[in-house]
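A short write-up of the structure that comes next.
Numbering (this note's numbering), first residue to last: 3 to 132.
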């Protein structure tokens, strides 16, 4: 695709299944073949937390390709006790390499859950297959 193709000109989004409640649970895993810039993450609350942030929060992190444990934190969604149906958004603006995995990690709150959506843009220097 040429770099003036619409895929390079508009922001993309990826919605994922509901996160799992529980201390330190990891979910909302997402990756792309192409290098991209993660612009923001939003979570619509489906089960309210019972504690304030950082207990009731999601850490946004990137798991480096080829490793099982090397993560870099790129943002935090402070959920607190936002009511069911509430929306929490964090501006991220992080570069994510091809094959890296973006994920959300629950804080210590045992009840907070939500429906996540990632906003991103494919970068023009991303590797392409023939």
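A virtual CB, placed ideally from N, CA and C, is assigned to each residue, including glycine. Keep in mind it's a predicted model, so treat the numbers as computed, not measured.
For a test of the three-state rule: what should DSSP assign to residue 42, helix, strand or coil? Looking up residue 42 in the chain shown gives position 40. Residue state, collapsed to three classes: strand.
Going by the beta-carbon positions, is the gap between residue 119 and residue 44 smaller than 8 Å? As a position in the chain shown, residue 119 is number 117, starting the count at 1. As a position in the chain shown, residue 44 is number 42, starting the count at 1. Cβ distance < 8 Å, so residue 119 and residue 44 count as in contact.
Rounding to the nearest angstrom, what Cα-Cα distance links residue 93 and residue 80 in this structure? For the purposes of this step, residue 93 is taken as residue 91 along the chain shown, with counting starting at 1. For the purposes of this step, residue 80 is taken as residue 78 along the chain shown, with counting starting at 1. Going from the Cα of residue 93 to the Cα of residue 80 covers about 12 Å.
Answer yes or no: do residue 86 and residue 50 have a C-beta to C-beta separation smaller than 8 Å? For this step, residue 86 is matched to residue 84 along the chain shown. For this step, residue 50 is matched to residue 48 along the chain shown. Residue 50 sits close to residue 86, with the two beta carbons spaced by under 8 Å.
Is the Cβ-Cβ distance between residue 52 and residue 21 less than 8 Å? Taking the first residue of the chain shown as 1, we reach residue 52 at position 50. Taking the first residue of the chain shown as 1, we reach residue 21 at position 19. Taking 8 Å as the cut-off, the beta carbon of residue 52 is found no closer than this to the beta carbon of residue 21.
Could you tell me which residues DSSP pairs with residue 60 in its beta bridges? Here the question's residue 60 lines up with position 58 in the chain shown. 79, 108, per the DSSP bridge assignment.
Could you check the C-alpha separation between residue 32 and residue 122 for me, to the nearest Å? Taking the chain shown and counting its residues from 1, the one referred to as residue 32 is at position 30. Taking the chain shown and counting its residues from 1, the one referred to as residue 122 is at position 120. Residue 32 and residue 122 have their C-alpha atoms spaced approximately 11 Å apart.
Any idea which residues DSSP pairs residue 21 with across the strands? As a position in the chain shown, residue 21 is number 19, starting the count at 1. In DSSP, residue 21 forms no bridge with anything.
Am I right that residue 102 and residue 57 are in contact with their C-beta atoms under 8 Å? What's the rounded C-beta distance? Translated into positions along the chain shown, residue 102 becomes position 100. Translated into positions along the chain shown, residue 57 becomes position 55. Contact doesn't hold; Cβ gap of about 27 Å is too wide.
Going by DSSP, which residues form a beta bridge with residue 14? The residue labelled residue 14 in the question sits at position 12 within the chain shown. Residue pairing by DSSP puts residue 14 in a beta bridge opposite 122.
Assigned exposure category for residue 25 - 16 Cβ within 10 Å defines buried: Mapped onto the chain shown, residue 25 falls at position 23. Counting C-beta atoms within 10 angstroms of its own C-beta, residue 25 has fewer than 16 neighbours from the protein chains shown and is therefore classed as exposed.
Report yes if the CB atom of residue 37 is closer than 8 Å to the CB atom of residue 100, and no otherwise. Mapped onto the chain shown, residue 37 falls at position 35. Mapped onto the chain shown, residue 100 falls at position 98. Remark: C-beta atoms of residue 37 and residue 100 approach each other more closely than 8 Å.
Count the other CB atoms, across all protein chains shown, that sit within 10 Å of the CB of residue 60; report buried if there are 16 or more and exposed otherwise. On the chain shown, residue 60 is found 58 positions in, with the first residue counted as 1. By the Cβ-count criterion, residue 60 is buried, with 16 or more other Cβ atoms from all chains shown falling within 10 Å of its own Cβ.
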